[in-house]
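Residue numbers (my numbering): 3 to 386.
Right, here's the structure in full:
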């Protein structure tokens, strides 16, 4: 009887045979990928178990992210997934589904291509937790157990289905809003495109925030529709969307009911050719602050990207410059976001990869090239 009780307690606490910790560093503070069994352990900070939770973790599976991990496969979560503070589960090309009965807790950063919460799932984004969705975020019909006390940024459409409810003290920003569900008390379809939404009325309504390259510098532009008690904006920059540094300050308008446009040029000389993340920290005269959505931009100085795209009569050409080596994954998406082709290439110093135009229809395509640490996105228009 004693053994049976102990076994039940042991399972309830989540330390069953189906418990996985992604906790083994590669020696430089990073980790590997989701389906790499070398980095998973059955105990916290333990040794490799030579196992993994797989792409469809069962309802009895508990998964803990204790170091940074690349989500290199699509995952449908049926169990329990917890991302620790200061750690990240990231991908710009793969998707995560939280199925009915599953639990997701985000204390660090979750970065995915598409994100779906199903009815009956339980979601908590704690204060300081960050979710970045590079395409679309869907909260299914009647999915009403979603608490967001951190932030969610959606580059595409955020759809909240009929009966869907999202609550909390955090903020959600999306390019487009859709659906009859409620987000922080607002019906999704009534939320203006490109805006941020949180509980109550924000003292400053930022309706536009964008970054673009201009003469080898990063031009940040944002607009407010109204301002109340607005002292200033801090411009903050990051290389990992986790740790931000304040790089400048722009004074606010105090109080305003008209649209005001702002801009700032980040012309620091040591910006490398990589992806940078920016956000605004809006500060009131009484010291109360509110963060904006997180935006990103790939910095390419003098157009010196290590990957260039060319077109010939029969091929789309990927040109890797001579200082590039390693294994690269190439994915091509059509204009609707559907994956139409994927391939892996081993690059040795200099290489030209040709993609037959016959494999693609006529139209606009996005090409995503990644090597595990860097990601480059290019658009190309294919004509037969």
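Just so it is clear, CB atoms sit at the ideal spot from N, CA and C, and this is done for glycine as well.
In the three-state scheme derived from DSSP, where H, G and I count as helix and E and B as strand, residue 41 is classed as helix. With fewer than 16 other CB atoms across the displayed protein chains lying within 10 angstroms of its CB, residue 87 is exposed. Note on geometry: alpha-carbon atoms of residue 259 and residue 92 lie some 39 Å from one another. For residue 281, the enclosing beta strand (DSSP E) covers residues 277 to 286. Taking C-alpha positions only, residue 96 is separated from residue 317 by approximately 26 Å.
Excluding the 5 residues flanking it on each side, residue 350 has same chain C-beta neighbours closer than 8 Å at 327, in chain order. Note on geometry: alpha-carbon atoms of residue 85 and residue 267 lie some 34 Å from one another. Annotated three-state conformation of residue 214 is strand, per DSSP. For residue 140, the CB contacts under 6 Å within the same chain, skipping 5 residues up- and downstream, are 118, 161 in chain order. Beta-bridge analysis with DSSP links residue 224 to 211, 264. DSSP places residue 181 outside any beta strand (DSSP E), giving it a letter other than H or E. In terms of CA proximity to residue 226, 210 leads the group 210, 191, 177, 34. DSSP, read as helix, strand or coil, puts residue 142 in coil.
Taking C-beta atoms as the reference points, residue 20 and residue 59 count as a pair closer than 9 Å.
For residue 333 and residue 134, the gap between their C-alpha atoms comes out near 20 Å. Taking 9 Å as the cut-off, the beta carbon of residue 235 is found closer than this to the beta carbon of residue 251. Taking a C-beta distance under 9 Å as the contact criterion, residue 296 and residue 280 qualify as a contact pair. By the criterion of a C-beta distance shorter than 6 Å, residue 34 is surrounded in its chain by 41, once the five residues flanking it on both sides are discounted. Assignment of residue 50 by DSSP, reduced to helix, strand and coil, places it in the coil class. The Cβ atoms of residue 99 and residue 78 sit closer than 9 Å to each other.
Linking residue 111 to residue 383 through their CA atoms gives a straight-line distance of about 33 Å.
Taking C-beta atoms under 8 Å as the contact rule, residue 200 and residue 166 fail to qualify, at a distance of about 17 Å. Nearest neighbour of residue 343 by Cα position, chosen from 337, 355, 361, turns out to be 361. Per DSSP, residue 123 lies in no beta strand (DSSP E) segment and is marked neither H nor E. If you look at residue 82, you'll find it in the beta strand (DSSP E) that goes 82 to 85.
In this structure, DSSP gives residue 98 an extended state, which the three-state scheme calls strand. The alpha-carbon separation between residue 147 and residue 321 amounts to approximately 47 Å. Rounded to the nearest whole angstrom, the C-alpha separation of residue 94 and residue 206 is 30 Å.
Here residue 345 is exposed. Its C-beta has fewer than 16 other C-beta atoms within 10 Å. Residue 194 and residue 356 have their C-alpha atoms spaced approximately 42 Å apart.
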